[in-house]
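Asks: For reference, the structure I am asking about is given below.
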Amino acid sequence: MFNWNNIDTVLLDMDGTLLDLHFDNHFWLTLVPQQLSQQRQISLDAAKQLVENAYHKVTGTLDWYCLDYWQQQLELDILTLHYSLVERIQMRQDSMPFLMALGAMNKKRILFTNAHPKSLALKLEHTELAQGLDAMLSSHETGYPKEHPQFWLTAIEKYQLDPTRCLFIDDSEPILAASKKAGIGFQLGIKNPDSQKGHKLFNDFPAIDDYHHLLDDLLAGQHL
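Following this note's numbering, the residues of the sequence shown are numbered contiguously, the last one being 454.
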């Protein structure tokens with residue numbers, strides 16, 4: 231799929247790309263409406279509509295990913311609710327073999343996530359993810375989400391990257407497109423970010439449902 235001799239650095243999204251997105255989907259689409267329904271004594275359907283409207287207003291912005299923002303907007307203890315679901319925080323089964331193989335082949339592995347630093351810390355605490363990474367960057371540290379060109383300018387400068395020799399992997403096609411526009415050389419989508427849902431369709435980028443598809447090429451690339 232890729233000529234790995236042309237790739238020095240792999241940039242990786244977290245939720246849905248290295249971790250199972252089921253935790254986040256269950257949290258934001260099920261638990262939050264349930265809590266809101268109880269707290270405000272409104273129907274679950276009304277709570278779901280309220281949450282959906284609130285999410286829609288800030289989609290694609292840094293606020294959408296900000297736990298502090300949602301704590302204020304929804305008047306819920308968002309971080310405590312996160313801790314109530316920690317058993318659902320799971321890595322994809324194929325993530326660590328891929329990350330370890332990249333490390334063995336001297337590819338730099340950098341996490342680029344829109345996750346809030348508090349959410350990132352929680353997920354690092356409850357998974358082995360950090361063991362497979364060389365560096366991590368939350369978009370909240372840059373002031374811009376990955377959808378924004380400035381995120382990429384900041385990140386490329388911070389890590390002194392040659393963008394043409396980077397592969398970026400994400401489960402969001404709009405974010406893959408943003409990386410391409412910023413000059414990142416290679417993109418790859420993830421078709422199955424949530425283990426409890428069906429596959430996504432990618433129109434403009436190659437996509438896989440298992441990192442094992444990349445391992446043979448990765449290992450072979452070192453022997454060309």
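Just so you know, even glycine gets a beta-carbon here, dropped at the ideal spot from N, CA and C.
Mapping DSSP to helix, strand and coil, what is residue 368?
Replies: By 1-based counting over the sequence shown, the position of residue 368 is 138. Strand.
Asks: Tell me whether residue 443 is buried or exposed, calling it buried when 16 or more other Cβ atoms sit within 10 Å of its Cβ.
Replies: Here the question's residue 443 lines up with position 213 in the sequence shown. It is exposed - the Cβ of residue 443 has fewer than 16 other Cβ atoms within 10 Å.
Asks: When the Cα atoms are used, what is the spatial distance from residue 394 to residue 242?
Replies: Sequence index remark: in the sequence shown, residue 394 carries index 164 (1-based). Sequence index remark: in the sequence shown, residue 242 carries index 12 (1-based). Distance between the alpha carbons of residue 394 and residue 242 is about 16 angstroms.
Asks: As a quick exercise: from 320, 354, 344, pick the residue whose alpha carbon is nearest that of residue 250.
Replies: Taking the sequence shown and counting its residues from 1, one reaches residue 250 at position 20. For residue 250, the nearest C-alpha among the options comes from 320.
Asks: Taking the DSSP output, what are the residues bridged to residue 417?
Replies: The count along the sequence shown starts at 1 and reaches residue 417 at position 187. DSSP lists 398 as partners of residue 417.
Asks: Is DSSP giving residue 239 helix, strand or coil here?
Replies: Residue mapping note: residue 239 aligns to position 9 of the sequence shown, counting from 1. Note: residue 239 maps to strand in three-state DSSP.
Asks: May I ask which residues mark the beginning and end of the beta strand (DSSP E) holding residue 342?
Replies: For the purposes of this step, residue 342 is taken as residue 112 along the sequence shown, with counting starting at 1. Where residue 342 is concerned, the enclosing beta strand (DSSP E) stretches over 338-343.
Asks: When you compare only the Cα positions, how much space is there between residue 362 and residue 266?
Replies: Along the sequence shown, read from residue 1 onward, the residue named residue 362 stands at position 132. Along the sequence shown, read from residue 1 onward, the residue named residue 266 stands at position 36. Roughly 37 angstroms between the two C-alpha positions.
Asks: If you draw a straight line from the alpha carbon of residue 417 to that of residue 293, how long is it in whole angstroms?
Replies: As a position in the sequence shown, residue 417 is number 187, starting the count at 1. As a position in the sequence shown, residue 293 is number 63, starting the count at 1. Spanning the two alpha carbons is a distance of roughly 25 angstroms.
Asks: Which residue from 344, 299, 313, 377 puts its Cα closest to that of residue 407?
Replies: Along the sequence shown, read from residue 1 onward, the residue named residue 407 stands at position 177. Comparing Cα-Cα distances from residue 407 to each of 344, 299, 313, 377, the minimum goes to 377.
Asks: Counting only the same chain and skipping the five closest in sequence on each side, list residues whose C-beta sits under 8 angstroms from that of residue 315.
Replies: One-based indexing of the sequence shown puts residue 315 at position 85. If we look at residue 315 and ignore the five residues flanking it on each side, its Cβ neighbours are 253, 256, 257, 261.
Asks: Determine the direct distance from the alpha carbon of residue 375 to that of residue 413, and round the result to whole angstroms.
Replies: Numbered from 1 along the sequence shown, position 183 holds the residue referred to as residue 413. Numbered from 1 along the sequence shown, position 145 holds the residue referred to as residue 375. About 17 angstroms.
Asks: For residue 419 versus residue 400, is the C-beta spacing smaller than 8 angstroms?
Replies: Translated into the one-based positions of the sequence shown, residue 419 becomes position 189. Translated into the one-based positions of the sequence shown, residue 400 becomes position 170. Against a cut-off of 8 angstroms, the Cβ pair of residue 400 and residue 419 comes out as a contact.
Asks: Spatial neighbours of residue 301 within its chain, please: CB distance less than 8 angstroms, with the 5 preceding and 5 following residues excluded, ordered by chain position.
Replies: As a position in the sequence shown, residue 301 is number 71, starting the count at 1. Counting only Cβ-Cβ distances below 8 angstroms, and skipping sequence neighbours, we find 307, 308, 309.
Asks: Among 384, 388, 259, 322, which has the Cα closest to the Cα of residue 439?
Replies: Residue numbering aside, residue 439 sits at position 209 when the sequence shown is read from its first letter. Here the closest residue by C-alpha is 322.
Asks: Determine whether the Cβ of residue 349 lies closer than 8 angstroms to any Cβ atom of chain B.
Replies: Absent here is chain B; the protein component of the structure consists of one chain.
Asks: Take the Cβ of residue 245 as the centre, count every other Cβ of all protein chains shown within 10 Å, and call the residue buried at 16 or more, exposed below.
Replies: Here residue 245 refers to the residue found at position 15 when the sequence shown is read from its first residue. So residue 245 counts as buried.
Asks: Among 388, 358, 236, which residue has its Cα nearest to the Cα of residue 372?
Replies: Start at 1 with the first residue of the sequence shown, and residue 372 comes out as number 142. Closest by alpha carbon: 388.
Asks: In this structure, what does DSSP give as the bridge partners for residue 245?
Replies: As a working note, residue 245 is residue 15 in the sequence shown. Answer by DSSP bridge pairing, in chain order: 249.
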